[in-house]
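Shown next, in structure tokens, is the structure this report addresses.
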Amino acid sequence: MLNKSAIESVLKQMMPITLEQMNGIKLMNRIDTKYIMSLERLPELLLKAKDKYFVQDIDGNRTPTYDTIYYDTDACDMYLRHHDRQLRRQKIRTRNYVESGLFFIEVKNKTNTGRTKKKRVSINPEAFEHIELDAEGFEFLEMRSHYDPLILSPHVRTHFQRITLVNKRKTERLTLDFCLLFENFRTKKVVECGNLLIVELKQDGAQHSEMKDILLDMRVKQAKCSKYCIGTALTNTTVKTNRFKKKLRLIDKLNH
85 MLNKSAIESV LKQMMPITLE QMNGIKLMNR IDTKYIMSLE RLPELLLKAK
135 DKYFVQDIDG NRTPTYDTIY YDTDACDMYL RHHDRQLRRQ KIRTRNYVES
185 GLFFIEVKNK TNTGRTKKKR VSINPEAFEH IELDAEGFEF LEMRSHYDPL
235 ILSPHVRTHF QRITLVNKRK TERLTLDFCL LFENFRTKKV VECGNLLIVE
285 LKQDGAQHSE MKDILLDMRV KQAKCSKYCI GTALTNTTVK TNRFKKKLRL
335 IDKLNH
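The sequence shown finishes on residue 340 if you use the working numbering, and the numbering steps up by one all the way, no holes.
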């Protein structure tokens with residue numbers, strides 16, 4: 085489970101990088117590699133990475149909180165396209181960077197070549213759960229979404245803390261998400277995954293990564309996953325989950 089003092093101890097040893105310094109490495113068009121592992125192993129991972137990576141620091145905070153709402157159609161089309169291995173798919177979400185008080189609407193597209201392309205615009209706080217309340221955000225969605233915005237509604241809310249690492253060459257970014265909580269707007273079910281750590285490596289292209297070497301040394305295998313799909317599968321028994329059963333068993337094992 086969460087060993088906060090051990091995590092903070094290692095983070096204090098790492099060189100910081102600010103949001104301004106990260107401006108050139110947003111990686112909005114990228115290749116993502118994901119991993120699922122036990123949160124208990126986070127201090128070990130950070131120790132192995134501390135001399136090779138910067139840690140993002142926002143006014144002294146190195147574990148900021150994220151609050152995200154994923155939108156979908158009534159038929160859960162975005163979830164099902166991912167479940168059914170459709171190469172071209174889309175996810176739409178609003179995100180609140182809690183400590184910063186910033187709100188965005190984001191559209192993520194997965195291309196048939198495996199790249200992730202993300203576009204976003206800022207929105208007002210009132211539009212976090214009601215995207216129609218921000219004219220610019222709604223217009224952005226009309227332009228970027230594969231779906232009519234009027235048929236989209238909030239489906240799953242995710243709440244988590246994140247550590248962001250950047251390699252010294254500034255060619256890749258790594259996010260470490262933990263203390264995950266999933267809440268379903270339809271079923272009202274809430275699931276906490278206290279010992280789950282989702283690791284996501286974001287790169288401009290296929291190139292050598294010291295983090296991949298670290299995770300290989302720790303015997304952590306790649307696990308294609310989506311927080312929206314995991315959250316939906318954990319909180320809604322009416323959707324099909326066949327493709328995700330192996331990951332769901334792993335998550336259940338980590339949390340018990």
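Ideal Cβ placement from N, Cα and C applies to all residues, glycine included.
Note that the structure is a prediction, hence the values are computed from the model and not measured.
- Within the DSSP bridge table, the entry for Asp151 names Asn180 and His243 as partners.
- The beta-bridge partner set that DSSP reports for Pro100 consists of Val139.
- Ala317 places its beta carbon less than 8 Å from that of Leu332.
- The residue among Met99, Ser310, Val182 and Thr152 with its C-alpha nearest the C-alpha of Leu249 is Met99.
- In the displayed model, Met121 falls within a strand according to three-state DSSP.
- Excluding the 5 residues flanking it on each side, Asp151 has same chain C-beta neighbours closer than 6 Å at Asn180, Val182 and His243, in chain order.
- The alpha-carbon of Met106 is positioned some 13 Å away from that of Lys286.
- Spatial neighbours of Gln245 in its own chain (CB-CB distance under 8 Å, excluding positions within 5 residues in sequence) are listed in chain order as Thr147, Pro148, Thr149, Tyr150, Asp261, Phe262 and Cys263.
- By the Cβ-count criterion, Gln291 is exposed, with fewer than 16 other Cβ atoms from all chains shown falling within 10 Å of its own Cβ.
- Contact annotation: Arg204 and Glu226 have beta-carbon atoms that are not nearer than 8 Å.
- Beta bridge pairing from DSSP links Leu249 with Val139 and Leu258.
- C-alpha of Gly144 to C-alpha of Asn279: approximately 25 Å in a straight line.
- With a contact defined as Cβ atoms closer than 8 Å, Leu123 and Leu281 qualify at about 4 Å.
- In this model, Leu217 and Phe224 are separated by some 13 Å (Cα to Cα).
- The beta-carbon distance between Leu258 and Val283, rounded to whole angstroms, is 7 Å. This is short enough to meet the 8 Å contact definition.
- For Ile235, no alpha helix (DSSP H) encloses it, and the DSSP letter there is neither H nor E.
- For Thr200, the enclosing beta strand (DSSP E) has its first and last residue at Thr200 to Ser206.
- Here DSSP, grouped into helix, strand and coil, assigns Val323 to coil.
- Under the 10 Å beta carbon count, Met295 is surrounded by 16 or more other beta carbons and is classified as buried.
- Counting C-beta atoms within 10 angstroms of its own C-beta, Asn326 has fewer than 16 neighbours from the protein chains shown and is therefore classed as exposed.
- For Arg270, the three-state secondary structure derived from DSSP is coil.
- Relative to Arg303, the option among Arg173, Gly198, Leu129 and Thr322 whose CA is nearest is Leu129.
- Under the three-state reduction of DSSP, Phe188 is assigned to strand.
- According to DSSP, Cys160 shares a beta bridge with no other residue.
- His239 places its beta carbon less than 8 Å from that of Tyr155.
- Per DSSP, Ile282 lies in no alpha helix (DSSP H) segment; the continuous beta strand (DSSP E) that holds it begins and ends at Leu280 to Gln287.
- A check of alpha carbon separations from Phe212 across Ser310, Gly185 and Leu164 identifies Gly185 as the nearest.
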